[in-house]
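Plus 208 on top of the position in the sequence shown (first one is 1) and you've got the numbering used here.
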Amino acid sequence: FPPHVGVAHEPEGRAIWVIKISDNVASDENEPEVLFMGLQHAREAISGSSMIFLMQFLCQQYAGGNTKIQQLVNSREIFIIPCFNADGWEYNLTSEGGNAGGDWRKNRRPQAGGQFGVDLNRNWGTDWGNCPVGDASCGSNSPSSDVYYGTAAFSEPETQRVRDWVYTRHFTAMIDQHAFGPYYSLPFGRPSLHTMNAEDANFYTRIPAIMGK
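Printed below as a string of structure tokens:
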């Protein structure tokens, strides 16, 4: 994150790290850029673990002579954020069961009424706060809710930092890893508010089918 990789901080001062994997990591090459991100929700531990596994897989396979992986890494700039919600993750680890087995979901910034945290996955700009009354899965304006979307879009330092950094890049694809159930959540979260052309619909049908194998 500007001005140096790995210095964006959460409310409690923990860094949010982004790892770059490429054949020339010190250079900003004219190659397609992709972003993977895990642990927006603190309790979804496997989403962060899968990011670490992805890093390990790419590096080990590259060093081991896997030509497909070498071609992939040599022709792209791959960025990975393994733990987007570092404060929430640490709280879940130390206070909500002691072994990352707790149920804390949000970040840890103090809110009104002595409450803590915002659901970072509902703090982005698209459709922020546009939730029908009574739709608990969409989001909530109550600071006590697990799906509290904050006081405004990008009200949280985590979403601000990633947004500002993404503006400096040229990503062609992005996967945000979650772990709620054995399925893939596809765009759009509010399909009634958006349309998708046939090419995009075909992409989002085929890619999860391949991943599922």
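In this text, a Cβ means the ideal position worked out from N, Cα and C, and glycines have one as well.
Query, Result
"Who are the near neighbours of Glu366 in its chain, counting only those whose CB is closer than 7 Å to its CB and skipping five residues on each side?", "Glu218, Ile224, Phe292, Asn293, Asn315, Leu328"
"Going by the CB atoms, is the gap between Asp335 and Arg398 shorter than 7 Å?", "yes"
"Hey, how far is the Cα of Asn282 from the Cα of Asp231?", "5 Å"
"Does the Cβ of Ser255 have 16 or more other Cβ atoms within 10 Å, making it buried, or fewer, making it exposed?", "buried"
"Near Ala320, what residues of its chain come up, given a Cβ to Cβ distance below 7 Å and the 5 sequence neighbours on each side ignored?", "Pro351"
"The alpha helix (DSSP H) that contains Met259, what's its start and end?", "253-271"
"Is Pro211 buried or exposed, if buried means 16 or more other CB atoms sit within 10 Å of its CB?", "Unreliable positioning characterises Pro211 in this predicted model, as indicated by a pLDDT of 37, which lies under 50. The coordinate reading is nonetheless provided below. It counts as exposed."
"Compute the distance between the beta-carbons of Gly246 and Gln385, then report whether it is under 7 Å.", "yes"
"Apart from the five residues just before and just after Pro318, which ones in its own chain have a Cβ nearer than 7 Å to its Cβ?", "Phe324"
"Run the CB neighbour count on His402, radius 10 Å, all protein chains shown included, and call it buried at 16 or more, exposed below.", "exposed"
"Using 8 Å for Cβ pairs, my map puts Ala361 next to Asn331. What's the rounded Cβ distance?", "7 Å"
"Let me know if Ile418 comes out buried or exposed under the rule of 16 or more other beta-carbons within 10 Å of its beta-carbon.", "exposed"
"Give the secondary structure of Ser400 by DSSP, where H, G and I count as helix, E and B as strand, and everything else as coil.", "helix"
"Give me whichever residues DSSP pairs with Ser348 in a beta bridge.", "Tyr356"
"On the DSSP letters alone, give me the boundaries of the alpha helix (DSSP H) that Ala409 sits inside.", "406-420"
"Buried or exposed: where does Gly378 fall if 16 or more other Cβ atoms within 10 Å of its Cβ makes it buried?", "Contrary to the premise, residue 378 reads as His rather than Gly in this sequence. Counting Cβ neighbours within 10 Å, His378 comes out exposed, since fewer than 16 surround it."
"Can you tell me whether Met382 is buried or exposed? The criterion is at least 16 other CB atoms within 10 Å of its CB, across all chains shown.", "exposed"
"Quick one: using the 10 Å Cβ neighbour count with 16 as the cut-off for buried, is Gln279 buried or exposed?", "exposed"
"To the nearest angstrom, report how far apart Asn410 and Val242 are at their CA atoms.", "20 Å"
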